[in-house]
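Student:
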């Protein structure tokens, strides 16, 4: 499966059917290879994946991620097979362990240790149909143990909220022949104060989740830098901002560090699809 050099990551729960179709038109028009979407409190992952595939023509559609607590491994394997059989082999199954509030608080499940839980899930996928799934299986991997599992038992990783240094470390652990599809938030905005304000608002919900906080600490950010909405250094690392050329330079550092694919997430005011689409146009040749 060809993901292309660049893709787009979008928080799809914020969009209705018309908004999703408009997003797909913009992403395809600008030549991006893949559209990635999450599974949170709104749309169910596989149903949404089917809608996105049915309303696009050439894009790879990737879950980033489908929560392993939302469906058993057999169902995930059949979903991967079904979507690729019905939509010309354009679906990539990104899997993740999600976060305690989304698993225990929202779904009422017990949140197990992440790496053993994912390992058991991947074993279930293999039992459901043999060693080779009917499309790529990628893992939301931040720490070295999950990255090692991605290398050993999956087709690669889809890290989120990371830096080029994390990309470098991930590429070393994954080794050759694996997909390393890195999400990077962007804001084409030369007013630094405004860009940082947008970034802080976007990152606020992630800064209460231990999985991300622990990874940021591993990457060298301090506890003080993660307080009160995040330091300027932290926000600037998480959300590349400036003019288009400055943002493009930042995206290229991920490729230099070993990413095989970078998916950009435009950060805008809520509902500002005009700014989103302008960013997609400006960054398409990064």
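Residue numbers (full-length UniProt numbering): 1 to 286. Every residue, glycine too, gets a C-beta built ideally from N, C-alpha and C.
#1: Taking 7 angstroms as the limit between beta carbons, can you name the residues of its chain near residue 212, skipping five residues before and five after?
#2: Count the other CB atoms within 10 Å of the CB of residue 276; is the residue buried (16 or more) or exposed (fewer)?
#3: Could you compute how far the alpha carbon of residue 94 sits from the alpha carbon of residue 77?
#4: Taking the beta strand (DSSP E) that residue 241 belongs to, which residues open and close that run?
#5: Distance, Cα to Cα, residue 45 vs residue 172?
#6: Can you tell which of 28, 284, 147, 39 has its C-alpha closest to the C-alpha of residue 106?
#7: Check whether the region 172 to 185 and the region 214 to 224 are in contact - that is, three or more C-beta pairs closer than 8 angstroms.
#8: Among all the DSSP beta bridges, which residues are the ones paired with residue 323?
#9: Under 8 angstroms by Cβ, that's how I've got residue 254 and residue 182 pegged, so tell me the actual separation to the nearest angstrom.
#10: Within the region 118 to 183, note down every full alpha helix (DSSP H) run reaching 4 residues or more, in order along the chain.
#11: Which residues mark the beginning and the end of the beta strand (DSSP E) in which residue 199 is found?
#12: Give the straight-line distance between the Cα atoms of residue 72 and residue 164, rounded to the nearest whole angstrom.
#13: Have a look at residue 280 and residue 2 and give me their C-alpha separation to the nearest angstrom.
#14: Could you please give the first and the last residue of the uninterrupted alpha helix (DSSP H) stretch that includes residue 85?
#15: Take residue 221 and list the residues in its own chain whose beta-carbon comes closer than 7 angstroms to its own, dropping the five residues that flank it on each side.
#16: Going by DSSP, name the residue or residues bridged to residue 66.
#17: To the nearest angstrom, how far is the alpha carbon of residue 198 from that of residue 131?
#18: What residue range does the beta strand (DSSP E) around residue 27 cover?
#19: Alpha carbon to alpha carbon, how far is residue 250 from residue 265?
#20: Under 8 angstroms, do residue 283 and residue 186 count as touching if we go by C-beta distance?
#21: Here's a check: name, in chain order, each residue in its chain whose Cβ is nearer than 8 angstroms to the Cβ of residue 116, leaving out the five neighbours to either side.
#22: How many angstroms separate the CA atom of residue 47 from the CA atom of residue 54?
Tutor: In terms of the structure at hand:
#1: Position 212 of the chain shown, counted from the first residue, corresponds to residue 212. 161, 206, listed in sequence order.
#2: The sequence position of residue 276 within the chain shown is 276, counting from 1. Counting of Cβ neighbours within 10 angstroms places residue 276 among the buried residues, the total reaching 16 or more.
#3: What you label residue 94 is simply residue 94 of the chain shown in a count that begins at 1. What you label residue 77 is simply residue 77 of the chain shown in a count that begins at 1. Straight-line Cα distance between these residues: approximately 12 angstroms.
#4: Counting from one through the chain shown, the residue named residue 241 turns up at place 241. Unbroken beta strand (DSSP E) run through residue 241: 239 to 242.
#5: Reading the chain shown from its first residue, position 45 is the one you call residue 45. Reading the chain shown from its first residue, position 172 is the one you call residue 172. Spanning the two alpha carbons is a distance of roughly 30 angstroms.
#6: Along the chain shown, one-based indexing puts residue 106 at 106. With distances taken between Cα atoms, residue 106 lies closest to 39.
#7: no
#8: One cannot answer for residue 323 here, as it falls past the ends of the chain, which runs 1 to 286.
#9: As a position in the chain shown, residue 254 is number 254, starting the count at 1. As a position in the chain shown, residue 182 is number 182, starting the count at 1. About 5 angstroms; that satisfies the 8 angstroms criterion.
#10: 144 to 153, 164 to 174
#11: Here residue 199 refers to the residue found at position 199 of the chain shown. Premise fails: residue 199 lies in the alpha helix (DSSP H), 192 to 203, not in any beta strand (DSSP E).
#12: Taking the chain shown and counting its residues from 1, one reaches residue 72 at position 72. Taking the chain shown and counting its residues from 1, one reaches residue 164 at position 164. The alpha-carbon separation between residue 72 and residue 164 amounts to approximately 33 angstroms.
#13: Against the chain shown, residue 280 aligns to sequence position 280. Against the chain shown, residue 2 aligns to sequence position 2. If you take the alpha carbons of residue 280 and residue 2, they lie about 20 angstroms apart.
#14: Locating residue 85 in the chain shown gives position 85, counting from the first residue. Residue 85 -> alpha helix (DSSP H) spans 73 to 86.
#15: Walking along the chain shown from the start, residue 221 turns up at place 221. Contacts found: 234.
#16: Looking up residue 66 in the chain shown gives position 66. Bridge partners of residue 66: 95.
#17: The residue labelled residue 198 in the question sits at position 198 within the chain shown. The residue labelled residue 131 in the question sits at position 131 within the chain shown. So the two alpha carbons sit approximately 44 angstroms from each other.
#18: As a first step, residue 27 must be located in the chain shown, where it is residue number 27. No beta strand (DSSP E) contains residue 27, which is instead part of the alpha helix (DSSP H) from 17 to 29.
#19: Residue numbering aside, residue 250 sits at position 250 when the chain shown is read from its first letter. Residue numbering aside, residue 265 sits at position 265 when the chain shown is read from its first letter. Their backbone Cα atoms lie some 13 angstroms apart in a straight line.
#20: Numbered from its first residue, the chain shown carries residue 283 at position 283. Numbered from its first residue, the chain shown carries residue 186 at position 186. Contact flag set, yes.
#21: Mapped onto the chain shown, residue 116 falls at position 116. Shown here for residue 116: not one same chain residue has a beta carbon closer than 8 angstroms to its own, the five before and five after excluded.
#22: Position 47 of the chain shown, counted from the first residue, corresponds to residue 47. Position 54 of the chain shown, counted from the first residue, corresponds to residue 54. Roughly 11 angstroms between the two C-alpha positions.
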